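Counting from 1, one number per residue, gives the positions in the sequence shown under full-length UniProt numbering.
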Amino acid sequence: MMKGMIVKNMSFKVGQTLTIVGVSKPDATNFAVNIGPDETEIAMHINPRFNAHGDENAVVCNSYQGGKWCEEHREGGFPFHQGEEFKIIIEFTPAEFLVTLSDGSKIHFPNRIGAEKYSVINIEGEARITSFEIK
């Protein structure tokens, strides 16, 4: 299911923070960051949409479990601009992923799968990643 840039066999554990910096393409419609236990399940899907899937300037979060998408979650601002740099900071707690966007707005997304460690991160769509760090 996943395509794009895939990081496998890594360790993103409760208490850690993932920081992703990138640049969206000048004509980008959307891109996504997916975090999961493997390539078939997604615990955290964050999808900034400039103009895609019926949404304009929206950040949509979700999870993909058992072969289907769960309920969409929309929260936070939309600090993304086509062709410009962005930063997404994801703090991983036992209960949730706390996402901080470039403008400081926050998204609280539940850890629906409930694992304490995820080993796959996939970034797909119309963005180029310039920095990727887990602390």
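Beta carbons are placed, not taken as given, at the ideal position from N, Cα and C, and that holds for glycine. Please read these numbers as outputs of a predicted model, since none were measured by experiment.
- Query: Which residue comes first and which comes last in the beta strand (DSSP E) that contains residue 61?
  - Reply: 55-65
- Item | Distance, residue 88 Cα to residue 12 Cα | 15 Å
- Query: Among residues of its own chain, excluding the 5 on either side of residue 94, which ones have a beta-carbon nearer than 6 Å to its beta-carbon?
  - Reply: 14
- Query: Nearest-angstrom Cα distance between residue 37 and residue 27?
  - Reply: 32 Å
- Task: Can you tell me which of the three DSSP states residue 48 falls into?
- Result: strand
- Task: List the endpoints of the continuous beta strand (DSSP E) containing residue 7.
- Result: 5-7
- Item | Chain-order list of residues whose beta-carbon lies under 6 Å from that of residue 133 (same chain, five-residue window excluded) | 19
- Considering only C-alpha positions, which residue in the set 65, 23, 47 is nearest to residue 41? 65
- Message: If you follow the beta strand (DSSP E) that residue 14 is in, where does it begin and where does it stop?
- Response: Per DSSP, residue 14 belongs to no beta strand (DSSP E) and is neither H nor E.
- Message: For residue 76, count the other beta carbons within 10 Å of its own beta carbon; 16 or more makes it buried, fewer makes it exposed. Which is it?
- Response: buried
- Item | C-alpha distance - residue 72 paired with residue 127, whole-angstrom precision | 22 Å
- Query: What are the start and end residues of the beta strand (DSSP E) that includes residue 131?
  - Reply: 127-134
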